[in-house]
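S.K.: In our numbering, the protein residues as written are 105 to 482.
Don't be surprised by glycine CBs; every beta carbon is placed ideally from N, CA and C.
This structure is a prediction, so every number in the text was calculated from the model and none was measured.
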Amino acid sequence: MALPTVLRRLPAVLLLLALAAAAGVGVARAHFESQERAVAIGAHEATLRPTFSGNVVINAGPLLPQLRIPSDAPLGIGVRLDLGDSDSGNLDQVLSRDAVIASQPDGEIARIRDTVQTVWWQSVARGAGVALLVVLVGVVGWIAVGPARRSEIVRTVRRPGRRVLVGLTAGTVVAAAGLVLVAAPQPGGGATPPGWAPIRSVFPELPSDPVLERLEVSTGSATTSGKSLVEGAVRTYQESQKFYDTLATTARSVTGIREPEEGQTTAVVVTDRHDNIAMDPVVRVLADTAQAKILLDLGDDTSNGASWEEFSINSLAREFDDMPIVAVAGNHDQGSNIAQHMEDKGFQLLKGEPVTIDDIRFIGDSDPRSSGLTKGYT
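1. Per DSSP, what kind of secondary structure is Gly299 in: helix, strand or coil?
2. Which full runs of the alpha helix (DSSP H) of 4+ residues lie inside the segment 318-381, going along the chain?
3. Leaving out five residues on either side along the sequence, give the residues of the same chain with a beta carbon under 8 Å from the beta carbon of Gly293.
4. Ends of the beta strand (DSSP E) at His445?
5. Might you give, ordered along the chain, the residues of its own chain that have their beta carbon closer than 7 Å to the beta carbon of Val131, omitting 5 neighbours on each side?
6. Taking the alpha helix (DSSP H) that Ala391 falls in, what are its first and last residues?
7. So is Ile213 buried or exposed if we call it buried at 16+ other beta carbons inside 10 Å?
8. With DSSP as the reference, label Asp405 as helix, strand or coil.
9. For a test of the three-state rule: what should DSSP assign to Gln226, helix, strand or coil?
10. What do you reckon, are the CB atoms on Leu402 and Thr375 nearer than 8 Å?
11. Residues in its own chain within less than 8 Å of Val223 by CB, not counting five upstream and five downstream?
12. Which residue comes first and which comes last in the beta strand (DSSP E) that contains Ala431?
13. For Ile398, which three-state DSSP category applies?
14. Suppose contacts are defined by Cβ-Cβ distances below 8 Å. Is Glu423 in contact with Gln395 by that definition?
15. Three or more beta-carbon pairs under 8 Å between the segment 246-256 and the segment 148-164, yes or no?
16. Could you round the C-beta distance between Met446 and Ile417 to whole angstroms and report it? I think they count as a contact, below 8 Å.
17. Measure from the alpha carbon of Gln342 to the alpha carbon of each residue in Thr359, Gly324, Val306, Pro314, then state which is nearest.
18. For Leu390 versus Ile429, is the C-beta spacing smaller than 8 Å?
19. Just how far apart, CA to CA, sit Glu365 and Pro458?
20. In angstroms, rounded to a whole number, what distance separates the CA positions of Leu316 and Ile173?
21. From Val129 to Leu179, what distance separates their C-alpha atoms?
22. Quick check: the Cα distance between Pro385 and Ile442, rounded to an integer number of angstroms?
23. Among residues of its own chain, excluding the 5 on either side of Gly188, which ones have a beta-carbon nearer than 8 Å to its beta-carbon?
24. Just tell me which of Arg304, Ala122, Arg217, Ala274 has its CA closest to the CA of Val143.
25. Smallest Cα separation from Asp379: which of Arg356, Gly434, Ala355, Gln368?
26. In chain order, what are the residue ranges of uninterrupted beta strand (DSSP E) at least 3 long that sit wholly in the segment 115-163?
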């Protein structure tokens, strides 16, 4: 193709690519912000909604203030979490449980990140498909019109009559409005956005903490009425942090742990964790000191095997993500949910058949007493 021809067609090509990019980005953004996913976060069934706010906003209902913290994610990606019901009817107990989880949040953060990334790539794929469709329609239309008709169209555009001007103007307005409607964020239903204040300005008695320094709380009646509840949750969070940080520091100073000899493999054993995820970093320190290569999980990671207790498995998987985990479900891990989640997280769940891992042969099975009979007694 001659250079003059290429230069003559370049503006049309650039225009087509610009339209395709605008349509693709608009559709991808609209799809991303319109999605919601049901996830189990700590003790709650929650609804996750991706945003471009640059923040993680947690809404725990009308009785408690909302919380906000920067997401530190690229492109200003954020998320809104609307916490739902919990299995506990005691609000103080729920808050205490959430505060303990907040002291070791990496497993839940990884789960949220995975969910948002899945929605992101689905949105990108949809936007790319729309952009490709625009290009294909443009190219096919260009070829179908033919050179004679294209020349006629060009002449008409260069010297448009009144009807042509009206048609072009109307078409441009409709196309622009369509792109704006697709790309614009969805309105929030007319609700007034809450005001935000640093949590330490609302609760000045709170001591300094790197996380609390970045945390903001919504201002309003929920903050005032829920002040004692929030203070109790923050106090539990700080006590958990201090206690288990001290344990981890003590574990690092432990001496005399036997090191494996040549040809030997050391495993670290965990059992009866019952949702105590704050111990996982401590166990990891001891495992590293002992040069352990395998984690043996003997079950009872949860109290009742409820779906919201998946955070316990998330934490263990996150802390030992670089070594094989051989596991069975205990009698308190009732039902199939926790066992299935173990497999979803890459655990080697023993099922009564021999399994070889790192040249070691294992055989085992989950506790057959796993049932609803244990619910409420742990």
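M.R.: A quick look at the data gives this:
1. DSSP places Gly299 in strand when its eight states are reduced to three.
2. The segment 318-381 contains these whole alpha helix (DSSP H) runs: 325-329, 331-356.
3. Confidence at Gly293 is low in this model, with a pLDDT of 48, below 50, so the placement of that residue should be treated as unreliable; the coordinate-derived value is given next. None.
4. First-last for His445: 441-448, but that is the alpha helix (DSSP H), not the beta strand (DSSP E).
5. Arg230, Gly231, Val234, Val286
6. 384-393
7. exposed
8. coil
9. helix
10. It is a contact, given that the beta carbons lie within the stated cut-off.
11. Hits under 8 Å: Phe136, Gln139, Arg141, Pro154.
12. 429-431
13. Note: Ile398 maps to strand in three-state DSSP.
14. no
15. The segment 246-256 vs the segment 148-164: no contact.
16. 6 Å
17. Pro314
18. no
19. Looking at the two C-alpha atoms, the distance is approximately 26 Å.
20. 9 Å
21. 13 Å
22. Their Cα atoms are separated by approximately 21 Å.
23. If we look at Gly188 and ignore the five residues flanking it on each side, its Cβ neighbours are His148, Glu149, Ala150, Thr151.
24. Arg217
25. Gly434
26. 141-145, 148-155, 159-163
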